[in-house]
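Protein chains in written order, with the numbering used here: chain H, 16 to 471; chain R, 16 to 471; chain Y, 16 to 471; chain V, 16 to 471. Even for Gly, the Cβ is constructed at its ideal location relative to N, Cα and C. Below: the structure, in structure tokens.
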């Protein structure tokens, strides 16, 4: 998600939005969209696919204007179809706005039901449309975007970072009071930028000013930059999984460099779960930084024992049933000479279902590894995320039903060590009270309907 | 390039070819194609694009049969268009064959002229069509593929690895007498596999038997595996650049693991060009193994100081002119916290034009690096490759006109160390006489028309 | 627009809808869509393009179910984009419905403003969305589709024929109280069909039962066919232009065969504007029936003096500026031998801007026609249609500013005869009070905001 | 097929070629292509699809130059794939040419075998490639296109009209010595045009000069227009089916207006097969002119009793099996009021398999026709065409095995009258010796291998 605003009305921002979106492609590969304001009207283009598939020179050149927003989507709720693609533009003429959103509402059903009682209709099944309805209702009541956001914040429960582009060319950035999902604010020579991850600001040659604060609205418009702290919570609930896996390591989130966290996770793992071994092997690409940390503390050298096919990520056809293992092997391949006869510390960011890890361990053994000691940079994930990370149901999470010993045996490792919750918190360096650890503890910062259902 | 043959006529090989091609996608992103033989006729499908873009379940299911060949293309000669895509199928009915080829002929013009004198016509401007003409002419004369290959080998000059699928279901694998380009031979439970790189055999769950020998033809058909050593040279000319950059590190070429070479290159670099520094930073993805070697010898720890956008590789739109530097930054981004105040050894596989390296050095400095010492795992490239690697003309090669000191100053580094030719040979571990070092020395294993033109 | 319902729940109707839509392709070439109900949920597929471009065997096979609706769109209001494509599906799960609509609302702005005051938001700029909002609001209030339609009919002003598919599998057909746009009801062996034109029923091998009556709702569901006459007007306002130009001649509308009307128009024209001539030449395809009538009364034989390129209708590139005349000639070409030295009666259905007619007359003269007498089967169109036919603004209508004599001179004809309004009414055979003649007289059956603006 | 040449080197002809091709779209809907010469090199673009699908403003703007050729293809020999699409460009650089071709060679197998004996290879299975090989061989021998065409004409047997664009910008038009397929030559203000049908010249605002003569070569180049009568036969063999069905009625072929022939066919039919009836009903679109003639002689008025869906021609999905009859009804629909209780003369151009005619007769009866008298404007087709018209095998031709009476009964008509061969010749107005009547008599102007096989 990104918003770009230039004080210079002649400046064209669509290519900036394009580049910023592309740097955040890892946050969503399903659909991409850009809305811009050309001084007269809201223009929009969105489609299913990756950023370079959805946009070319021609489509970008039609997205005129000095201000715009963009979005890449992966679905946590709602089907994968064009109606759910963002930005979501509503209204035409002078009363419209376009909205892009990252997060997950926990009271979506309740909000939607209430609106449907009032006679509102919905064309998609995405959170975004519910937010657009409430924002629009409050706008008509208050005639002020800031006042409308105040109500929106009081009604929405869950994780949300928003950018809104109005039909008068104002750009608003909004972050939920718990600051669950990231939202960065920066500037380069010509433009202000808000983006889910600070990497987008770097890519535009700019520099990070600060995070949008939890509960804050930033308004970019004719009067320059204006900020409004609408809600102030005693504690935040920053998602720990952004640090562990989701965000790019070159991003800074909540004042903390993701890369540094991952280094410290590796160091901490080495302290919590030391082992005698010949080599540290990270599962590429996310675990390389943790490997650096593990090596540093343990003195065991890191090697690149697993190669990733760098073209994976594009959809590809699954192999025949009889070659299930090959499936992982198409993505990852062991380097025999680095593994043969060696005792390996295998580092990965997290274990979800356990299937991939079992395949990797087996692959290392076949390549001649003498021992495989698995070390995981995230404590056992026992509960599904309700706040914006796409995870399987609780039943499918291997750590929700098995003990660490059982998991170790299931994946065929010689030993298995998970980072402790305390170790994780220490690695991140934020206060425990300011983190969302819902998927580890089952305790979420906001009430979540589904958890109730699941337990009773 | 790949060929798959099953002795079991009921076996379907198109998905194997697909997976094998996908594992070799790095060898060509321009077009992809598969030809198969279903017991009656040659079937073919090819198009511009990446393997997963060209094929889906539907197209694969139509490529019936127990034997087939596949190809991914990047162009060294010939325009980028569908007429140049491979496999190249000629003839219809019982007299046709399909051909896929990797390499570069140095006597293409001469061969084509001779054929055109005889009245032959050409629909493409690729080497492949010339080879097909000669193969076809000799086939009609000799009525034997093996005898025809004997003539083909005597006429073609340059680098070539071939797979040929005949309209009777025979599969032939052919490698030039110098063994310039790689060609591996292996088998899995159900199929024989020939492939440019051994990784393709791994991906199919198989194991490498050996390389196809320089000057050898391997025939897979009703009578099983038959091999013919048609030409025997005293020395070979294996391309050193496959080890340095082109091949995947998890491939074994000419009996040597690419990964091991790269580790040794790093070790050797550390010996030849030691420097006091805080961290080794590899340029991802190719230089990571060299970084491991450099760290091991120097004791300087490796960190991941540069992040690569894992979606790059797909075509994307270039940014506006004013943000030239951002262009590199879309692909690579520095991790400030890993670099700030640090003395960095920056490792890359090679320098071609020098532009990218200048951008990276500047990027590291802006991220706070105190010193940047560049170490390059390949000796200065002073001459264009005539034998299958796509390189700029001699004038554009920075090392063809500037000294190491001048290059160091041009890229803005504190020091610059290239691996020596002897160091490279030692790292590869093959005899100097068995390597092609043409791009380093200007001495090619075969006569090359263009070099003459360039010097006189 | 079409709706198909089978009492047999195993029956699949998507191919019927496809064929029925294709027979009505002339009513809209911009987008096409089908929604079906498979016993559990509403399925939908729609896209920009012609029916055979939007659907193939694969998409049709996914539109399961025994009941469904379809739509082809050309835009009278609203931009041409996918958001405006129909059917328009709202809601998900059990409370949704899908709606397809043909017509034009004259109080759209007022209705939309009122809904926006209430906080409703709009994602498209089409009438359809406004209707969906009101229908949904009333549904929630009344819990009955029929009661909801009663209110909808009292609120909507203008022309509308609707088909609605509910999430319980009920199909409703609704026609505005004036019966401005056509809507037919029929059945074949296996299914009930409602369709804009009776040709769609013919194509399914069925037979017309009757028109849906103005102000009537027909409900097809578990209890069979139920009809509700919700509103009864003293007079109707059937669009005369359906007979003159828009509908297919093989359709029957309001009990009258379009073909018969066109024959009579030709006869009437011959009576009102006789002329001595050698041949009658119809402008293909619409004027052939009128030519039959003109020949019959006048005794002047009809020839095919103008050939139409039967591939026109697909978008094609306009020729260079210097060959403006060729533009008409790409669509139409004269047959010299049929025209040379002849006095021609040129028959066309109507004149809108006059440009095409000028080109045709000039084309006939160049082909050697001695005299060209233009006869037009529709009285002068002086006012834009507000009720569903796409026409230019009043200023562009040649007959709104010029007299018949002036038009005759402008198009370069030897004489020009328009059918009289009385002659038209006689040809149609319905009462004058039951026809909408708004574009001829400026008197519309319903108040129209724009006419006010235009006159004061 | 079309060629356009402008003496003015600044003039751009690609849009002319586009428009000319589009006017001849009825001659081939499978693929379309254009080659042009921009003063330096041959440019080409071709693809599967209709003219407006293959080309847009962008592709046309890249086809620079003052001279070019174009082609639309339907396949008589060779599979439907991109390799068979035309123009066929061979060679690169200065020695290439592009070739477009309409016809069918009867000695294709012999010519191809001979070339393959010489070692030539073929990438397609089309006549065009064989012609290109021979042309190229002779060019190298004679160094003159005209001399090369002389040999080509002596070697090719069958029907062929050719346009050739050389890599020096010369345009050649060639027609076989029997003049089997049409080829017209004309000019407009700025360009010379050769085209399969004269309509293409009309569409460009030009006028027909004359046909390219059988056995003639016309050369358009720097020295203006030069013509060479290379072969002169005593008699020609103009295809009668171009007049009966294939060509557009607004084209003039061999000095005869197609439209006039069709009128006379109708007149002749009325004389040969008079009948008492109420109305003449033509099967649209081809039979309308014949209906005019039939009416004139018989005094029975023509009505439009069958409507054609003007969108048919695009691929569309076939209806379910149970509605076989509807298949014809999707294309054609009867107008009940014109048919009910009437005795109908049903006019069609020809009967091939008889299936469609049976459906139409049944359709008319269901619509209430009292009697249906079928009159066919072409004598019984008993033999397949070997010379360029796509026809079924002999076994499928209904008239090859059944008598007229049997056919009449099979199609369910009250009477059936075919035009006599003499009547057809009279209608065309050329000498019997100058017409190819092979599909009627089995006697072809050139030896045809297949006929021999079929009889012995």
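**Request:** Measuring only between beta-carbons, confirm whether residue 15/Y sits less than 8 Å from chain V.
**Result:** Residue 15/Y is absent from the model: chain Y starts at 16 and stops at 471.
**Prompt:** In chain order, what residues of the same chain have a beta carbon less than 8 Å from the beta carbon of residue 26/R, not counting five sequence neighbours either side?
**Reply:** 81, 205, 206
**Prompt:** Mind pulling the chain H residues with CB within less than 8 Å of residue 317/R?
**Reply:** 307, 317
**Request:** Give the DSSP bridge partners of residue 400/V, in chain order.
**Result:** Partner(s): none; residue 400/V has no beta bridge.
**Prompt:** Hey, is residue 18/Y's beta-carbon within less than 8 Å of any beta-carbon in chain H?
**Reply:** no
**Asked** Does residue 7/V have its Cβ less than 8 Å from a Cβ in chain Y?
**Response** Summary: the structure shown does not reach residue 7/V, with chain V confined to residues 16 through 471, and so no result is reported for it.
**Message:** Check this for me: beta carbons of residue 369/R and residue 422/R, under 8 Å apart or not?
**Reply:** yes
**Request:** Assign residue 50/Y to buried or exposed, taking buried as 16 or more other Cβ atoms, counted over all protein chains shown, within 10 Å of its Cβ.
**Result:** buried
**Asked** With which residues is residue 20/V paired in a DSSP beta bridge?
**Response** 82/V, 207/V
**Request:** Round the Cβ separation of residue 364/V and residue 259/V to the nearest angstrom and send it over; I've been treating them as touching at under 8 Å.
**Result:** 6 Å
**Prompt:** So, helix, strand or coil for residue 306/V, using DSSP?
**Reply:** helix
**Asked** Thinking C-alpha only, which one of 235/R, 194/R, 226/R is nearest residue 249/R?
**Response** 194/R
**Request:** Using 10 angstroms around the beta-carbon of residue 281/Y, count the other beta-carbons present and answer buried if the total reaches 16, otherwise exposed.
**Result:** buried
**Prompt:** Grouping DSSP H, G and I as helix and E and B as strand, with all else coil, what is residue 142/V?
**Reply:** helix
**Prompt:** Quick one: what's got a C-beta closer than 6 Å to residue 139/V's C-beta in the same chain, skipping five residues either side?
**Reply:** 98, 99
**Prompt:** What is the DSSP secondary structure of residue 324/R, counted as helix, strand or coil?
**Reply:** coil
**Request:** Name the one or two DSSP bridge partners that residue 242/V has.
**Result:** 233/V
**Item:** Cβ neighbour criterion (16 or more within 10 Å) applied to residue 40/H
**Value:** buried
**Message:** Please classify residue 237/R as buried or exposed, where buried requires at least 16 other C-beta atoms within 10 Å of its C-beta.
**Reply:** exposed
**Prompt:** What are the start and end residues of the beta strand (DSSP E) that includes residue 116/Y?
**Reply:** 112–120
**Request:** Would you verify that the beta carbon of residue 151/H is, or is not, closer than 8 Å to some beta carbon of chain Y?
**Result:** yes
**Prompt:** residue 160/V touches chain R at which residues, Cβ-Cβ below 9 Å?
**Reply:** Chain R residues near residue 160/V: none, gap ~15 Å exceeds 9 Å.
**Message:** Am I right that residue 36/Y and residue 47/Y are in contact with their C-beta atoms under 8 Å? What's the rounded C-beta distance?
**Reply:** 6 Å
**Message:** Below 8 Å, how does it come out for the stretch 70–77 of chain H and the stretch 139–149 of chain H: are there three or more Cβ pairs, yes or no?
**Reply:** no
**Prompt:** Looking at the C-beta of residue 138/V, does it have a partner C-beta in chain R at a distance below 8 Å?
**Reply:** yes
**Asked** Is residue 177/V near the ligand NAD, going by C-beta to nearest heavy atom under 7 Å?
**Response** Absent from the structure shown: the ligand NAD. Ligands present: none.
**Request:** Spell out whether any CB of chain Y is found under 8 Å from the CB atom of residue 146/H.
**Result:** no
**Message:** Tell me the rounded alpha-carbon separation between residue 310/R and residue 55/H.
**Reply:** 58 Å
**Cβ pair residue 118/Y, residue 32/Y closer than 8 Å** = no
**Request:** Hey, could you find the ends of the beta strand (DSSP E) residue 104/Y is sitting in?
**Result:** 103–105
**For residue 273/H, the three-state DSSP class (helix, strand or coil)** = helix
**Asked** What does residue 404/V reach in chain R if we use C-beta pairs closer than 7 Å?
**Response** In chain order: nothing, as chain R lies at least about 23 Å away.
**Prompt:** Do residue 152/H and residue 160/H have their C-beta atoms within less than 8 Å of each other?
**Reply:** no
**Alpha carbon of residue 461/Y to alpha carbon of residue 173/Y, nearest angstrom** = 6 Å
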